[in-house]
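Engineer: Just add 22 to the spot in the sequence shown (first one is 1) and you have the working numbering.
Here a beta-carbon is modelled for each residue, glycine too, at the ideal position from N, C-alpha and C.
Sharing a structure here in structure tokens format.
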Amino acid sequence: MKRVLVWFSGTGTEAEKQIEEIGFDVTLFDHIMVSSGVGTAELRQMAEKLTKKDKSVLERLFSATEKTGVLLDKIEGYKERENIVSALQVFETIDYLNALPNDEHVEMVLGGHSRGAAVGLVTFLATLNEQARYSVNEEGDTCWSKVSEIQLVPVDPVAGKQAGSEDTNDMLNLPNDYPMSALLSDIENNLFQGREVFQVKVFCARFDARDEFRFDSRWFEFIQTSQSLARPVTVMSAGFRHSSMVDIEDELLPLYADIDTSPIQLLRSIIEGNSLESIQNDIELIRGVELSFINRLARGKLTEEDQFIEKRTRTDSYISDGIFGRWLSDHIYNGESLMTILHDHAELLNEDFHINRRYLFK
């Protein structure tokens with residue numbers, strides 16, 4: 023049996039850094055394809071090699087050095103050339119599968135974080151579906167028949183503002199009324215002869231203060247309907263920042279000092295293929311710690327450590343110092359701190375309450 027990992031990193035995150043931060047055991051996989059996120063020199067260079075690059079309006083206003091171009095990519099997000107890079111991962115996967123014996127069994131982990139989950143991962147799936155509809159032949163059937171299971175792991179998918187579009191619904195020419203559940207079913211029917219290969223684990227941050235980083239609508243709709251789906255779906259929440267589960271600085275590790283897990287460790291456990299029982303146990307431990315913290319915030323009884331963590335749930339905690347940082351604080355990020363939400367919306371707070379499409383108490 024072979025194990026394959028395909029991962030799409032978030033904005034500004036290089037592949038090597040992503041592997042290092044999550045810290046999963048690379049020896050558990052026979053083949054690893056981790057893509058750097060949009061807004062990295064690595065992805066930009068790869069995209070420019072594959073496509074004729076048309077300069078954006080911002081690039082025409084500024085000097086189009088690589089450093090400037092990478093910064094503008096972070097702001098503008100995925101465009102057609104980055105989508106082509108994501109789509110190519112499908113064909114690299116096919117090449118790997120074709121090289122294996124026909125009787126080989128393959129388990130895949132297919133995931134991503136942030137824009138990598140909202141756009142890169144969905145581009146991979148949309149390309150896979152198109153390949154299944156129009157290009158499946160005898161060789162292709164043999165290739166994908168080797169895959170027995172695909173663990174699908176979208177981690178806090180956030181599309182960001184993609185040249186004016188804010189959701190995956192606006193990207194990739196996917197119709198608004200074409201949900202993720204239908205896309206997965208179509209892939210299984212067209213490529214896997216009806217076999218149910220996808221097991222989905224949606225990993226949300228419990229909270230992020232920035233309205234501009236709200237949870238992607240296509241995946242949010244998937245969560246809302248997940249209980250009615252006839253497939254294994256696990257939805258989990260952990261962390262008070264968008265990158266809590268992939269970035270050590272955003273994890274706020276002191277909050278989890280009394281339990282033997284944390285948001286990053288939970289993601290590591292999922293990627294490494296630990297049992298669902300073990301994963302569910304970690305989810306409950308983290309939920310208990312985080313809801314206790316929320317309760318202390320609501321009552322205003324904070325320890326010194328709580329006060330530090332509370333500051334990290336404000337929009338200004340994402341802004342650097344200096345004149346430019348203050349300008350960003352005034353013009354880029356909007357949103358209320360976790361403490362403000364708890365105080366101002368007390369009559370609404372319950373298990374179904376969500377802020378920026380993230381369920382605070384689940």
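Taking a contact to mean a Cβ-Cβ separation below 9 Å, would you say L289 touches V255 in this structure?
Structural biologist: No; because the gap between Cβ atoms is not below 9 Å, this pair is not in contact.
Engineer: Would you kindly work out how many angstroms separate the C-alpha atoms of I13 and E273, rounded to a whole number?
Structural biologist: This structure cannot settle anything about residue 13, because the visible part of the chain is limited to 23 through 384.
Engineer: Go ahead and label H365 buried or exposed: buried means 16 or more other beta carbons lie within 10 angstroms of its beta carbon, across all protein chains shown.
Structural biologist: Classification for H365: exposed.
Engineer: Assess contact between the stretch 321-329 and the stretch 306-313, defined as three or more Cβ pairs (one per stretch) separated by less than 8 Å. Is contact present?
Structural biologist: Too few Cβ pairs lie closer than 8 Å, so no.
Engineer: Going by other Cβ atoms of all chains shown within 10 Å of its Cβ, with 16 needed for buried, is D233 buried or exposed?
Structural biologist: With fewer than 16 other Cβ atoms within 10 Å, it is exposed.
Engineer: Buried or exposed for E369, going by 16 or more other Cβ atoms inside 10 Å?
Structural biologist: Exposed, because fewer than 16 other Cβ atoms sit within 10 Å of the Cβ of E369.
Engineer: From G32 to N317, what does the alpha carbon distance come to, in whole angstroms?
Structural biologist: Rounded to the nearest angstrom, the two C-alpha atoms are 31 Å apart.
Engineer: Buried or exposed, going by whether 16 or more other CB atoms sit within 10 Å of the CB of S250?
Structural biologist: The residue is exposed, with fewer than 16 neighbouring Cβ atoms inside 10 Å.
Engineer: If you compare alpha carbons, which of N378, R25, D47 is closest to D172?
Structural biologist: Checking the sequence, you will find Ile at residue 172 rather than Asp. Here the closest residue by C-alpha is R25.
Engineer: Run the CB neighbour count on I354, radius 10 Å, all protein chains shown included, and call it buried at 16 or more, exposed below.
Structural biologist: Exposed.
Engineer: In this structure, what does DSSP give as the bridge partners for Y200?
Structural biologist: Beta-bridge pairing links Y200 to no other residue.
Engineer: State the start and end residues of the unbroken beta strand (DSSP E) segment that holds S259.
Structural biologist: S259 -> beta strand (DSSP E) spans 255-259.
Engineer: When burial is assigned at 16 or more other CB atoms within 10 Å of the CB, is G216 buried or exposed?
Structural biologist: With fewer than 16 other Cβ atoms within 10 Å, it is exposed.
Engineer: Counting only the same chain and skipping the five closest in sequence on each side, list residues whose C-beta sits under 6 Å from that of H264.
Structural biologist: Around H264: D178, A227, D230, F235.
Engineer: Closest by CA to S259, which one among A140, R380, F46?
Structural biologist: Closest option to S259, Cα to Cα, is R380.
Engineer: Terminal residues of the continuous beta strand (DSSP E) containing I54?
Structural biologist: Element bounds for I54: 53-57.
Engineer: Comparing alpha-carbon positions, which option in S207, F242, H53 lies nearest I377?
Structural biologist: If we check each option's Cα against that of I377, F242 comes out closest.
Engineer: Would you check if the distance between the CB atom of T335 and the CB atom of S359 is smaller than 9 Å?
Structural biologist: Result yes, Cβ atoms of T335 and S359 sit closer than 9 Å.
Engineer: Where does the unbroken alpha helix (DSSP H) through I354 begin, and where does it stop?
Structural biologist: I354 -> no alpha helix (DSSP H), and no H or E assigned at all.
Engineer: Ends of the beta strand (DSSP E) at S170?
Structural biologist: Here the beta strand (DSSP E) through S170 covers 169-177.
Engineer: Give me the Cβ distance between F237 and P201, rounded to the nearest whole Å; I'm assuming they're in contact under 8 Å.
Structural biologist: With 8 Å as the limit, F237 and P201 do not qualify as a contact, their Cβ atoms being about 15 Å apart.
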